[in-house]
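Residue numbers (my numbering), protein chains in the order written: chain A, 2 to 375; chain B, 31 to 258; chain C, 1069 to 1353.
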Amino acid sequence: MPEYPRSTDGAPLVEVEKLTFAYDSARVLDVDRLEVHRGDITVLTGHNGSGKTTLLKVINGLLQPSGGVVRLWGESIATGRGRRMLRSRSVLVHQKPYLFHESVASNIRYVAKLREPNARDIEARIEEALAVVRLEDVAHRRASGLSGGEKQRIAIARALAVRPDLLLLDEPTSNIDPESIRAIERALREVNRAGTTILMTTHNLATAYRLATRVYPMTAGHIEHDRNNVFRGHIENTDEYFTYFRIGGGSGSAGAGPTSAATAAAASAAAGPEKVQATGPVIRVPAQDRDTVAAVIPMDDIILSREPFESSAQNHFSGRVTAIEPYQQGRRIDVDCDGVIMSALITPYAIEQLGLGAGSEVHLAFKASAVRLY
Amino acid sequence: MGTALAEAGALIVSGDRELFAIAFNSVRFSVLSTMITSMLAIPLGTVIALREFPGKRMTVAVFNTLMAMPTVVVGLLVYSFLSRSGPLGQWGLLFTPAAIIVGQAVLAFPIVTSLVYGGLSRLDEELTETLVTFGASNLQMLLKILSEARIAILSAVLSGFGRVIGEVGVSMMLGGNIRWYTRTMTTALALETQKGAFALALALGIILIIIAFAVNAALSWMVRREYA
Amino acid sequence: MRRYDMMRGDMKRICTAVLAFVFVVTGAFASGEAEGPSSRDGERLRLATTTSTENSGLLEELLPPFEERYDVTVDVVSVGTGAALEHGRNGDVDLVMVHAPDLEREFVGDGYGVERIGFMYNDFVVLGPDDDPAGIAGMESVGDAFERIAEHESMFISRGDDSGTHTKEKDIWAEAGIEPEGSWYREVGQGMGAVITMADDQKAYTLADRGTYLAYQGGLGLDVAVEDDPLLYNPYSVIAVDPQMHSTVEHDLAEAFIEFVTSEEGQEIIGDYRVEGKQLFVPEA
């Protein structure tokens, strides 16, 4: 394979700028900016018709944008060089994937040979790709006879067999069985750890928050900022009333964009070993019994105070303000609580009233029921 | 009529030479005409399905209409070309097997074209996009699309075959129903019925039905095998 | 639906290959020959005749000796009288064998045929149901018989297809001075065999050529009601297509064929031809 320019640190692998797309003069996409960094799992969430599939297809060159530019590795995909890079290093898996009317192995073999006609290890790749999605035993079955979940997994295996640097997935876990969802999440985590950057859409928030390093909600063709704090961690124990979730082992992005302190903290945390650190704070959540990797707390649900205070809220923390940034109509306040950044959204008026600035000591609280575990 | 049926059975079982010569000729003409028409209609149907061009909807509508063209009209049309007084008269094709084959090919052409177009345009859009995303070249894409539509294409071809093996207007007008030469099952059927030779006519009818059944059985077997 | 801009150069190449293949196959085919006992490597003579002539089975006796002698295959195209003459006009056949004197005269008069050569005749018969509702059985004048059918409004089935038989039927109605119309008179536009079957089924009268009637006779509830009126005379002739009109015709072979059917040998075959033990044609060269 020819040597392509490696992205320098911090330079985005995917860069979307002022992108618009219109169907019959109706504008369905209007994205000011989107960046996907190397090693990320970036997830676009939103309802049907929010434009996430269109955005994915434009990024994969399947749809021509009405305006704006998509860059991969710094090269616009409208150029011949960018297009070649797009077709040799990235691949898209459809929500309703099309499997060829032949065996599973032939499906994978065909695309592997398209990309690399002279590859000698194709049979090994087929086995390897099927192993990643936990479907080793269907290689010789006809693809058309598989269940919906199995088809989706085979489509992902087929995409992985060409060893893409960038994997685009449209709703990989919608309308399929729970076992397939688990298998797909595990497979995506695995290939991401091995170096594949992933950009995917989903309306399944569990999938989004379990996998994502960044989540961008989409509405009406626009990319929004996520209004949630996302923390990776694990359940420590559960009693009669509460489940105790320990934050640690790397926190997810707060979706605040690449410049935010939260992301920087998340990035440094993610750089550590994958084992869970037992040092992070514990959050109380209404008692539940589920396999959980992430806690999600809406930034809107966090209350701030200069003084320690008592309330019915089950989670109280204190820390220092590290940053105050404009965030949509309000302000986002990032607070460092024992090494974990918690962000709250408040109005400029409240900031003034509380007299908050960088370094201010602050107390925050949120209800147990405001927390979602995924 | 009961005795005619028994005689028909006897004719088939005994392997009556003329009966089988006629059946063989019929199949030969229809296979050849279907092959020739397929070689033109499959590419055309593919182009109509996969390319955007002005007048595309009109073209599709015209081909759909031509599917129902009466055989006699096709026969007359081709006759006016192949007759000694027609533009291609010097080829001397009229009342030869070649004339039947040309006529049947013309008859089947809109059918195969239309059905190939229909089969290809029913393919999921995801197929093309999947091929694009994996970086298939135009030729690779075309071949894979045809391969994915193979059952639809095959059934288009078999529909064309079914139409020509059972038609009488073209064979009669262009072939002339010449014994041992251009007589086909259907023209013989028409002749024998008129002569009151119901046994031979019935035997021919039975063979026609068997062939039609075999073709359909083969098709449904392939579809089942494909989508089981 | 969006499609990709595929197959520009590829398509052109494929089309060229396909077209080349088509021509090869067609060419290979056109040079091929059909199998069968009478297919020979020799020349082919194209004879257009009427369906009823072919249906009579006479040609199967008459042609083989000729084909043998001249090492030729006679391709018999049997169609309606009008179509047979039209094929002659277009030069698509080398000679015609028909039985419609007026049309034949016109054909020759227009310069398409060389000459009308009468070589045999048979006759028409009026067929009617066993119980003969119009009471015409045994009448000598076919005109009177038709008049009576019209009076009784007994059902009559007409070919209605401008065939030789239909032309003859119209001549008889004209002779009787009747313009047939009404629910009893049915023009069905079908061949002789079909018309006989319908008349049998509907217990109706009809006009038929004797040959077809004899071929159908077994199992019919129809009898010959009127025959032997000179008006029912049905002469057959052969006409070679004029080579000055169409240079491609096999004129020498056509002349040889005419010579054969008018020869003693040909005339004998015609006179000896029997269907169900009955003579069908009378030689008259």
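Built from N, CA and C at the ideal position, the CB exists for glycine as well. Because the structure is a prediction, the values reported are computed rather than measured.
* Looking at the unbroken beta strand (DSSP E) that takes in F318 of chain A, where does it start and where does it end? -> Against the first sequence, residue 318 of chain A aligns to sequence position 317. F318 of chain A -> beta strand (DSSP E) spans N316 to Y328.
task = Reducing DSSP to helix, strand and coil, say where L200 of chain A ends up.
result = As a working note, residue 200 of chain A is residue 199 in the first sequence. In the structure shown, L200 of chain A sits in a strand (DSSP, three-state: E or B).
Can you find the residues in the same chain that come closer than 7 angstroms, C-beta to C-beta, to L35 of chain B, ignoring five residues on each side of it along the sequence?
Along the second sequence, one-based indexing puts residue 35 of chain B at 5. Within the same chain, L232 come within 7 angstroms of L35 of chain B by CB-CB distance, once the 5 residues on both sides are set aside.
- Item | Where W1241 of chain C falls, given that 16 or more other Cβ within 10 Å makes a residue buried | Numbered from 1 along the third sequence, position 173 holds the residue referred to as residue 1241 of chain C. Buried, because 16 or more other Cβ atoms sit within 10 Å of the Cβ of W1241 of chain C.
message = Pull the bridge partners of F1224 of chain C from the DSSP assignment, please.
response = Numbered from its first residue, the third sequence carries residue 1224 of chain C at position 156. Answer is C:Y1253 and C:Y1273.
From A:I182, A:D166, A:L167 and A:P165, residue whose alpha carbon lies closest to that of P173 of chain A: For the purposes of this step, residue 173 of chain A is taken as residue 172 along the first sequence, with counting starting at 1. For P173 of chain A, the nearest C-alpha among the options comes from A:I182.
How should A71 of chain B be labelled, buried or exposed, when 16 other C-beta atoms within 10 angstroms of its C-beta is the threshold for buried? Taking the second sequence and counting its residues from 1, the one referred to as residue 71 of chain B is at position 41. It counts as buried.
Cβ-based contacts, 7 angstroms cut-off: residues of the stretch 137-165 of chain B near chain A:
D154, E156, L157, E159, T160, V162, T163, F164 and G165
Do the CB positions of D1 of chain A and T197 of chain A come within less than 8 angstroms of each other? Because chain A spans 2 through 375 in this model, residue 1 of chain A falls outside it and cannot be assessed.
- With burial defined as no fewer than 16 other Cβ atoms inside 10 Å of the residue's Cβ, what is the status of M1207 of chain C: buried or exposed? Taking the first residue of the third sequence as position 1, residue 1207 of chain C is located at position 139. Answer is buried; the Cβ neighbour count reaches 16.
Residue range of the alpha helix (DSSP H) that includes V192 of chain A:
Sequence index remark: in the first sequence, residue 192 of chain A carries index 191 (1-based). Its alpha helix (DSSP H) spans residues P179 to R194.
(Q) Cβ closer than 9 angstroms: which chain A residues qualify as neighbours of Q170 of chain B? (A) Taking the first residue of the second sequence as 1, we reach residue 170 of chain B at position 140. The contacting residues are L115.
Partners in chain B for S1146 of chain C, counting only beta-carbon separations shorter than 7 angstroms: For the purposes of this step, residue 1146 of chain C is taken as the residue at position 78 of the third sequence. Residues of chain B passing the Cβ test: N207.
*A156 of chain A versus Q96 of chain A - alpha carbon distance*: As a working note, residue 156 of chain A is residue 155 in the first sequence. As a working note, residue 96 of chain A is residue 95 in the first sequence. Just so you know, the alpha carbons of A156 of chain A and Q96 of chain A end up roughly 10 angstroms apart.
On the criterion of 16 or more Cβ atoms from any shown chain inside 10 Å, does T223 of chain B qualify as buried, or is it exposed?
The count along the second sequence starts at 1 and reaches residue 223 of chain B at position 193. Burial call: buried.
| request: Starting from M1188 of chain C, follow its DSSP beta bridges and name the residues at the other end. | output: Translated into the one-based positions of the third sequence, residue 1188 of chain C becomes position 120. Note: M1188 of chain C sits in a beta bridge opposite C:Y1304 and C:P1351.
Original post:
Cβ of V43 of chain B within 7 angstroms of any heavy atom in the ligand FAD?
Top reply: For the structure depicted, the ligand FAD is absent and the ligand set is empty, with no information on it obtainable.
Q) Is the CB of F22 of chain A under 8 angstroms away from at least one CB in chain B? A) Reading the first sequence from its first residue, position 21 is the one you call residue 22 of chain A. Not an interface residue.
Please list, in chain order, the residues of the stretch 210-229 of chain B that have any C-beta partner in chain C closer than 8 angstroms.
W210, Y211, T212, L221, T223, Q224, K225 and G226
Handout entry: Cβ contact (3+ pairs, closer than 8 angstroms) linking the stretch 126-145 of chain B and the stretch 84-98 of chain A
Key = no
task: On a CA-only basis, which of C:F1328, C:M1188, C:P1298 and C:G1261 is nearest Y1341 of chain C? Give me that one, please.
output: In the third sequence, the residue the question calls residue 1341 of chain C occupies position 273. Considering only alpha carbons, the answer is C:M1188.
So, with DSSP's three-state summary, where would you put M300 of chain A? In the first sequence, residue 300 of chain A corresponds to position 299, counting from 1. Helix, per DSSP.
| request: Provide the residue(s) that pair with A23 of chain A in DSSP beta bridges, ordered along the chain. | output: Locating residue 23 of chain A in the first sequence gives position 22, where the first residue counts as 1. Answer is A:R28, bridged to A23 of chain A.
Under the assumption that Y1304 of chain C contacts H1167 of chain C (Cβ atoms under 8 angstroms), give the Cβ distance between them as a whole number of angstroms. Here residue 1304 of chain C corresponds to residue number 236 of the third sequence, with the count starting at 1. Here residue 1167 of chain C corresponds to residue number 99 of the third sequence, with the count starting at 1. Taking 8 angstroms as the upper bound for CB-CB distance, Y1304 of chain C and H1167 of chain C are in contact here, some 5 angstroms apart.
Of all the residues that make up the stretch 1308-1338 of chain C, which are near chain B by a beta-carbon distance shorter than 7 angstroms? H1314 and T1316
What first and last residue would you give for the alpha helix (DSSP H) that runs through P73 of chain B? In the second sequence, residue 73 of chain B corresponds to position 43, counting from 1. Taken as a continuous stretch (DSSP letters only), the alpha helix (DSSP H) holding P73 of chain B covers R47 to L80.
### Message
Contact criterion: CB-CB distance below 8 angstroms. Does D1143 of chain C meet it with respect to chain B?
### Response
Residue mapping note: residue 1143 of chain C aligns to position 75 of the third sequence, counting from 1. By this cut-off, D1143 of chain C is an interface position.
Legend entry - In DSSP terms, what I42 of chain A is bridged to: In the first sequence, counting from the first residue as 1, residue 42 of chain A sits at position 41. Paired residue(s): A:I199.
Fill in: DSSP bridge partner residues for L41 of chain B (one or two, in chain order)
One-based indexing of the second sequence puts residue 41 of chain B at position 11. Looking at the DSSP assignment, L41 of chain B forms no beta bridge with any residue, so it has no partner.
On the criterion of 16 or more Cβ atoms from any shown chain inside 10 Å, does V1306 of chain C qualify as buried, or is it exposed?
Within the third sequence, residue 1306 of chain C is the residue found at index 238, counting from 1. Classification for V1306 of chain C: buried.
Requested in this report: Name the two residues that bound the continuous beta strand (DSSP E) containing D1143 of chain C.
Outcome: On the third sequence, residue 1143 of chain C is found 75 positions in, with the first residue counted as 1. Run containing D1143 of chain C: V1140 to V1147, per the beta strand (DSSP E) assignment.
Give the secondary structure of G192 of chain B by DSSP, where H, G and I count as helix, E and B as strand, and everything else as coil. Stepping through the second sequence from its first residue, residue 192 of chain B is reached at position 162. G192 of chain B sits in a helix when the DSSP states are folded into three classes.
Item to complete: Alpha carbon to alpha carbon, how far is G1181 of chain C from E1318 of chain C? Give it in angstroms, no decimals.
Response: Translated into the one-based positions of the third sequence, residue 1318 of chain C becomes position 250. Translated into the one-based positions of the third sequence, residue 1181 of chain C becomes position 113. Cα to Cα, the separation comes out at about 13 angstroms.
Output, in chain order, the set of chain B residues within a Cβ distance shorter than 7 angstroms of R1114 of chain C.
-> What you label residue 1114 of chain C is simply residue 46 of the third sequence in a count that begins at 1. Those are F125, listed as they occur along chain B.
Does the Cβ of V187 of chain B have 16 or more other Cβ atoms within 10 Å, making it buried, or fewer, making it exposed?
By 1-based counting over the second sequence, the position of residue 187 of chain B is 157. The residue in question, V187 of chain B, is buried, as its Cβ has 16 or more Cβ neighbours within 10 Å.
Option nearest G1250 of chain C by Cα separation, candidates C:S1231, C:L1113, C:K1271 and C:I1217: Taking the third sequence and counting its residues from 1, one reaches residue 1250 of chain C at position 182. When each option's Cα is compared against that of G1250 of chain C, the closest is C:I1217.
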